[in-house]
Structures are given as C-alpha cells and as structure tokens.
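Written out below as structure tokens is the structure these notes cover.
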Amino acid sequence: NAGVTQTPKFRVLKTGQSMTLLCAQDMNHEYMYWYRQDPGMGLRLIHYSVGEGTTAKGEVPDGYNVSRLKKQNFLLGLESAAPSQTSVYFCASSPRGGDGYTFGSGTRLTVV
Amino acid sequence: AQSVTQPDIHITVSEGASLELRCNYSYGATPYLFWYVQSPGQGLQLLLKYFSGDTLVQGIKGFEAEFKRSQSSFNLRKPSVHWSDAAEYFCAVGRTGGGNKLTFGTGTQLKVEL
Numbered sequence: 239n240a241g242v243t244q245t246p247k248f249r250v251l252k253t254g255q256s257m258t259l260l261c262a263q264d265m266n267h268e269y270m271y272w273y274r275q276d277p278g279m280g281l282r283l284i285h286y287s288v289g290e291g292t293t294a295k296g297e298v299p300d301g302y303n304v305s306r307l308k309k310q311n312f313l314l315g316l317e318s319a320a321p322s323q324t325s326v327y328f329c330a331s332s333p334r335g336g337d338g339y340t341f342g343s344g345t346r347l348t349v350v
Numbered sequence: 004a005q006s007v008t009q010p011d012i013h014i015t016v017s018e019g020a021s022l023e024l025r026c027n028y029s030y031g032a033t034p035y036l037f038w039y040v041q042s043p044g045q046g047l048q049l050l051l052k053y054f055s056g057d058t059l060v061q062g063i064k065g066f067e068a069e070f071k072r073s074q075s076s077f078n079l080r081k082p083s084v085h086w087s088d089a090a091e092y093f094c095a096v097g098r099t100g101g102g103n104k105l106t107f108g109t110g111t112q113l114k115v116e117l
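Quick note, the sequences are listed as chains D and Y, same order. Residue numbering for the first sequence follows the working numbering, beginning at 239 and increasing consecutively. Residue numbering for the second sequence follows the working numbering, beginning at 4 and increasing consecutively.
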C-alpha cells in the first residue's frame, strides 16, 4: 500500500546514545516533516523539508538533526539522547500544493 | 503566528448521540483548516479539510465541519456517533507555501458509551 513508512516502531535508548529514525514515502511528495507527540501538547514540528537536499527548523529543533538526501527519504537523528526526548515521533509528507498530510504510524522512543 | 485551540480535552457521548468537537484558530489570513483522527497506537488520518469555497465541508466516516470566519472556528460534527468513533481528534491550521506547515491543537479524546 502506498504511504509513509517509519522504522523502527519502538526503541529504548540510554541517555547519551545516538540513533536515526527513518521515514520513507512512495507518493512522490515534495514536502516531508518530523513531529513529536507528547501527552497534552499535541504535535509539535521538529524539522521539515521542502525538497531533496533541503531542510529547515520547526518549532522544537534542539537536539535533533535531519537529512533528505533522496526525495523519498527523510531521516531524523538524535546525536546524544536525553530523557526529555522520550516521545512518539511521527513522520508525514504532503504534495507541494497542500492537500493535507499523510502520516506514518509513528515511532515510540523511550530514553532512560 | 498561527495557533489552534481545542477547548475540550475529553468528551463522552452515548452511541447514537450527536457530536460536536470545538476548534478555534488564530491566523492572519484565510486559513487552511484540517481535522485528523488518531486511533490508539496509530498515525493520524485526515478526516476533512477546508481550503476555500463552501464553508460546510464533508469528510469521511460521516463527519462534517463548518468554517465560521466571524467566530474563528472550525467545529467538527457528526449526527450519530458509532462506538468505533472513539479516538483522539486533532484540529490543524496552515497554509500552502512556506512548506505547508501545519499547527496542531492539543487534541480532544472522544469516549463513546454503549
């Protein structure tokens, strides 16, 4: 099925460890996004990309880095994980003209 | 800066009853508005969207929403709720251009009593 695929679905990290979350979309969408979801806070934008090779900061970018080397992939990296980064991370994509987002199923990350 | 307020954190309705979830937005121009639904452990699914034109928009699963510019609102409605509608609902505001960034509300958790 066409859509947005996130890997892994679950991960537990120790404080200070690093990891990369992968997002892949097969809809040829121009734009891609990383959000984090925390109880009572809705979804907050971490970083986004408007095209291959471009990235930009969102609302809560500190502690994260991203890369979009290929149009279909958007990677989210945590260089030195902190307990405050315990969250559910969602990737989404959208076409250039709007029309809403297509979301992945999320990655539940726990930092201990 | 754009913002979205969903004043109800939790709502409980009986199956078969009508539903209205509230959403108020703040935006400097004509907004693009969305409602998404999230079932437990799942991603968000688009229910409906408003870009322009008719202020009453129809979505999937029997939902509809009405854009009221004078009240800065975009409330979600359903005439008769089904038990399978129990989920969390998010309102979002954004615009095309500038990366189509959306700002989400904090969500309303809907419980359906049988």
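Glycine included, every Cβ here is placed at the ideal spot set by N, Cα and C. All values reported here derive from a predicted model rather than from experimental measurement.
- Proximity test, Cβ basis, 9 Å: VAL288(D) and chain Y: Counting from one through the first sequence, the residue named residue 288(D) turns up at place 50. It does; some Cβ of chain Y falls within 9 Å.
- Query: Going by Cα to Cα distance, which pick from GLN48(Y), PRO34(Y), THR33(Y) is closest to VAL40(Y)?
  - Reply: The residue given as residue 40(Y) occupies position 37 in the second sequence. Each of GLN48(Y), PRO34(Y), THR33(Y) was checked against the Cα of VAL40(Y), and the nearest Cα belongs to GLN48(Y).
- Bridge partner(s) assigned by DSSP for LEU283(D): One-based indexing of the first sequence puts residue 283(D) at position 45. DSSP, once it has assigned bridges, lists TYR273(D) as partnering LEU283(D).
- Item | PHE248(D) and ARG334(D) closer than 9 Å at C-beta | As a working note, residue 248(D) is residue 10 in the first sequence. As a working note, residue 334(D) is residue 96 in the first sequence. No, the Cβ-Cβ distance between PHE248(D) and ARG334(D) is not below 9 Å.
- Query: If you draw a straight line from the C-alpha of ALA262(D) to the C-alpha of THR340(D), how long is it?
  - Reply: Residue 262(D) sits at position 24 when you count from the first residue of the first sequence. Residue 340(D) sits at position 102 when you count from the first residue of the first sequence. One C-alpha to the other measures close to 12 Å.
- Task: Starting from the Cα of PHE77(Y), find the closest Cα among GLY97(Y), HIS85(Y), ALA89(Y), ALA90(Y) and give me that residue.
- Result: Position 74 of the second sequence holds residue 77(Y). Checked all of GLY97(Y), HIS85(Y), ALA89(Y), ALA90(Y); the closest Cα to PHE77(Y) is GLY97(Y).
- Query: Using a Cβ-Cβ distance under 9 Å, would ALA320(D) count as near chain Y?
  - Reply: In the first sequence, residue 320(D) corresponds to position 82, counting from 1. No, no contact with chain Y.
- Message: Counting only Cβ-Cβ distances shorter than 9 Å, please list the residues of the segment 90-117 of chain Y near chain D, keeping chain order.
- Response: Correct list: PHE93, ALA95, GLY97, ARG98, THR99, GLY100, GLY101, GLY102, ASN103, LYS104, LEU105, THR106, PHE107, GLY108, THR109, GLY110.
- Query: Just checking, does the segment 22-40 of chain Y make contact with the segment 303-316 of chain D on the three C-beta pairs under 8 Å criterion?
  - Reply: Look at the beta carbons and you see the segment 22-40 of chain Y not touching the segment 303-316 of chain D: under three pairs across the two are nearer than 8 Å.
- Message: Any beta carbon of chain D sitting closer than 9 Å to that of GLN61(Y)?
- Response: By 1-based counting over the second sequence, the position of residue 61(Y) is 58. Chain D contact via Cβ: absent.
- Report the neighbours of PHE37(Y) on chain D: residues whose CB is nearer than 9 Å to its CB, in chain order. Mapped onto the second sequence, residue 37(Y) falls at position 34. Chain D residues near PHE37(Y): GLY338, TYR339.
- Message: Out of GLU116(Y), SER29(Y), GLN5(Y), ALA4(Y), which one is the CA nearest neighbour of SER83(Y)?
- Response: Here the question's residue 83(Y) lines up with position 80 in the second sequence. Out of GLU116(Y), SER29(Y), GLN5(Y), ALA4(Y), the CA that lies nearest to the CA of SER83(Y) is found in GLU116(Y).
- Query: Helix or strand or just coil, what does DSSP make of GLN263(D)?
  - Reply: In the first sequence, counting from the first residue as 1, residue 263(D) sits at position 25. Looking at GLN263(D) - three-state DSSP - the assignment turns out to be strand.
- Task: Would you tell me roughly how many angstroms separate the C-alpha atoms of GLN5(Y) and SER75(Y), rounded to the nearest one?
- Result: Start at 1 with the first residue of the second sequence, and residue 5(Y) comes out as number 2. Start at 1 with the first residue of the second sequence, and residue 75(Y) comes out as number 72. If you take the alpha carbons of GLN5(Y) and SER75(Y), they lie about 12 Å apart.
- Output the boundary residues of the beta strand (DSSP E) element that contains PHE312(D). Residue numbering aside, residue 312(D) sits at position 74 when the first sequence is read from its first letter. That run of the beta strand (DSSP E) goes 311-316.
- Message: With H, G and I counted as helix, E and B as strand and the rest as coil, what does DSSP make of GLY65(Y)?
- Response: Within the second sequence, residue 65(Y) is the residue found at index 62, counting from 1. In the three-state reduction of the DSSP assignment, GLY65(Y) falls in the helix class.
- Query: Buried or exposed: where does ARG274(D) fall if 16 or more other Cβ atoms within 10 Å of its Cβ makes it buried?
  - Reply: Within the first sequence, numbered from 1, the residue matching residue 274(D) stands at position 36. When all chains shown are included, ARG274(D) counts as buried.
- Item | Bounding residues of the beta strand (DSSP E) (the contiguous stretch that carries THR245(D)) | The residue you call residue 245(D) lines up with position 7 of the first sequence. For THR245(D), the uninterrupted beta strand (DSSP E) segment begins and ends at 242-245.
- Would you say ARG282(D) faces chain Y, with C-beta separation under 9 Å as the test? Residue mapping note: residue 282(D) aligns to position 44 of the first sequence, counting from 1. Interface criterion met: the Cβ of ARG282(D) is under 9 Å from a Cβ in chain Y.
- Item | Simplified DSSP state of SER21(Y), which is helix, strand or coil | Working through the second sequence from its first residue, we reach residue 21(Y) at position 18. Here DSSP, grouped into helix, strand and coil, assigns SER21(Y) to coil.
- Item | Proximity of VAL250(D) and VAL326(D) at Cβ, strictly below 9 Å | Working through the first sequence from its first residue, we reach residue 250(D) at position 12. Working through the first sequence from its first residue, we reach residue 326(D) at position 88. Taking 9 Å as the cut-off, the beta carbon of VAL250(D) is found no closer than this to the beta carbon of VAL326(D).
- Contacts of ALA52(Y) in chain D (Cβ-Cβ under 7 Å): Looking up residue 52(Y) in the second sequence gives position 49. Per the sequence shown, residue 52(Y) should be read as Lys rather than Ala. Contact note: LYS52(Y) reaches chain D through GLY338, using a C-beta cutoff of 7 Å and chain order.
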